[in-house]
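Convert by adding 415 to the 1-based position in the sequence shown; the result is the number in this note's numbering.
Just so it is clear, CB atoms sit at the ideal spot from N, CA and C, and this is done for glycine as well.
Here the structure is laid out as structure tokens; the discussion comes afterwards.
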Amino acid sequence: MVIPMAKKDKKYLPPSGAGLVRYFDEETKGPKLSPEQVVIMTVILAVFCIALRFSYS
416 MVIPMAKKDK KYLPPSGAGL VRYFDEETKG PKLSPEQVVI MTVILAVFCI
466 ALRFSYS
């Protein structure tokens, strides 16, 4: 004896990201920097600013 499966009503929902901009999909033409490069440049800038402060005081 075979029991027929109940038919499922298909209900379509809107996409979860409807109307939202996904910025990580967009390409920019600017320089690509890794997090390590940003940290190194920040440390260099901080050392430079401290050196300038001590040289003029």
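Check, Outcome
"Just curious, the alpha helix (DSSP H) that residue 451 is in, first and last residue?", "450-470"
"Hey, how far is the Cα of residue 464 from the Cα of residue 472?", "13 Å"
"Can you give the Cα-Cα distance for residue 468 and residue 455, rounded to whole angstroms?", "20 Å"
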